[in-house]
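Numbering (the working numbering), first residue to last: 938 to 1193. Even glycine gets a Cβ: it sits at the ideal position worked out from N, Cα and C.
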């Protein structure tokens, strides 16, 4: 199973309008490009059915005559994936499709396009950014993309844009430079009977709150740091709950 297959991704490819022709297939993939909408996106269009309607409208805009600077417009929506405000990820195009998404020959020919349904100075939700980074890391693994080739749209030399905006671009650059906080949001894995929250990063520490700090499958875990502690199953990472209650081992959560 590929790293991307391990993520929970919903396939919207059949729901988004397409032309009867295609731009083509990328000859190689060694980059990832992060995009946003430009104008602000209303909250109801950042997830669920509203997001689907937004992606359909975006596809129609990009396919219009003259769209994307092409006489006949694009062949469909020009993003491979979109990450919703609730952290859900949707696939919009075949992963190997060549798209006209960043106005740069290298970027168009060789990069995957990820989209955030945000604009202006809007920021991602914590779960949305966590999901975005999870997707980026999975794509990096599957396609052997180097850290320095994960770029914001405006970072491509031939591009003329402010995408992905004044808030999101610095977040991406901080992550790329290893400067971002390790905090995020995940969930207790569904195959776990129960997850004990320990007072320290190891099973030798007591369960917090006098033995009552226990989490269950599907529970949301908001963490502020990842700490090295007791190794379990070859993994020494422990997530510290942002409310300060205690630590949960990384093997007990869905993804990081």
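Just confirm the distance between the C-beta atoms of residue 1011 and residue 1037, as a whole number of angstroms; I'd bet it's less than 8 angstroms. 6 angstroms
Separation of residue 1046 from residue 1222, as counted between CA atoms: Any question about residue 1222 goes unanswered here, given that the chain covers just 938 to 1193.
Contact belief for residue 1120 with residue 1062 at Cβ below 8 angstroms, rounded distance in angstroms: Wrong, their Cβ atoms sit about 13 angstroms apart, outside the cutoff.
Measuring CA to CA, which of 983, 1093, 1024, 1013 is closest to residue 970? 1093
Quick check on this structure: which residue in 1181, 1182, 1167 has the alpha carbon closest to the alpha carbon of residue 1175? 1167
Any idea what DSSP makes of residue 1152, helix, strand or coil? strand
Beta-carbon contacts of residue 979 that lie in its chain and below 7 angstroms, excluding the five residues immediately before and after: none
Contacts around residue 1081, its chain only, beta-carbon distance under 7 angstroms, and the 5 residues preceding and following it disregarded: none
Extent of the continuous beta strand (DSSP E) to which residue 1055 belongs: 1048-1056
My parser needs the beta strand (DSSP E) runs of 3 or more residues fully inside the segment 1131-1181; what are they? 1157-1169, 1172-1178
Roughly how many angstroms separate the alpha carbons of residue 944 and residue 983, rounded to a whole number? 20 angstroms
With C-beta atoms as the reference, is residue 1053 less than 8 angstroms away from residue 1101? yes
With residue 1021 and residue 1065 assumed to form a contact (beta carbons below 8 angstroms), what rounded beta-carbon distance in angstroms separates them? 7 angstroms
Residue 1048: buried (16+ other C-beta within 10 angstroms of its C-beta) or exposed? buried
Go ahead and label residue 985 buried or exposed: buried means 16 or more other beta carbons lie within 10 angstroms of its beta carbon, across all protein chains shown. exposed
Validate contact between the segment 953-962 and the segment 989-1009 using beta carbons, cut 8 angstroms, 3 pairs: yes
For the putative contact between residue 1091 and residue 1072, defined by C-beta atoms under 8 angstroms, what is the C-beta separation to the nearest angstrom? Not really, about 20 angstroms apart at Cβ, beyond 8 angstroms.
Spatial neighbours of residue 1005 in its chain, beta-carbon cut-off 8 angstroms, leaving aside the 5 residues before and after: 999, 1011, 1015, 1037
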